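I have placed the structure first, in the form of structure tokens, so that the comments after it can refer back to it.
Residue numbers (the working numbering): 146 to 245.
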């Protein structure tokens, strides 16, 4: 189960989505929505109502003369039941606001 969720997506947009109980995670490319739902419910002890999956294409980059492409990855946007939250994201948002 823990290998399904790799790490959370920490960006300005994903932190703002936390206020409406939506959280983004980088997940294994072979993971299904039901597997992600079960993993999030088990790991964070919350109730998941919806899971949206997005395949993100790797960006082309240059290394000297060569053109390479970063790896493709998969993102899951998880919606929690009303009134529930994941503390990991809220602590990050509060820490950033205190520094400013």
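Here a beta-carbon is modelled for each residue, glycine too, at the ideal position from N, C-alpha and C. Note that the structure is predicted; figures quoted are calculated from it, not measured.
For residue 223, which beta-bridge partners are listed by DSSP?
For residue 223, which the question treats as bridged, DSSP gives the partners 168 and 196.
Can you find at least 3 beta carbon pairs, one from the stretch 187–200 and one from the stretch 217–234, that sit closer than 8 angstroms?
Contact between the stretch 187–200 and the stretch 217–234 is present, because at least three Cβ pairs lie under 8 angstroms.
Would you mind working out which of 156, 209, 153 and 193 sits nearest residue 226, comparing C-alpha positions?
For the residues 156, 209, 153 and 193, the minimum Cα distance to residue 226 belongs to 193.
Cβ atoms of residue 230 and residue 156: under 8 angstroms apart, would you say?
The answer is no: Cβ separation not under 8 angstroms.
Within a Cβ cutoff of 6 angstroms, which residues of the same chain sit near residue 217, ignoring the five residues on either side of it in sequence?
Excluding sequence neighbours, residue 217 sits near 202 and 203.
Taking the C-alpha atoms as reference points, what is the distance between residue 160 and residue 171?
If I take the Cα positions, the gap works out to 14 angstroms.
Thinking residue 184 and residue 150 are a contact (beta carbons under 8 angstroms), I'd like their distance in whole angstroms, please.
The pair is a contact, with the Cβ atoms about 5 angstroms apart (cut-off 8 angstroms).
For my contact list, residue 153 and residue 169 are in at a C-beta cut-off of 8 angstroms; report their separation, rounded to the angstrom.
Yes, residue 153 and residue 169 are in contact; Cβ-Cβ is about 7 angstroms, under 8 angstroms.
Quick one: grab the DSSP three-state call for residue 214.
In this structure, residue 214 counts as strand in the three-state DSSP scheme.
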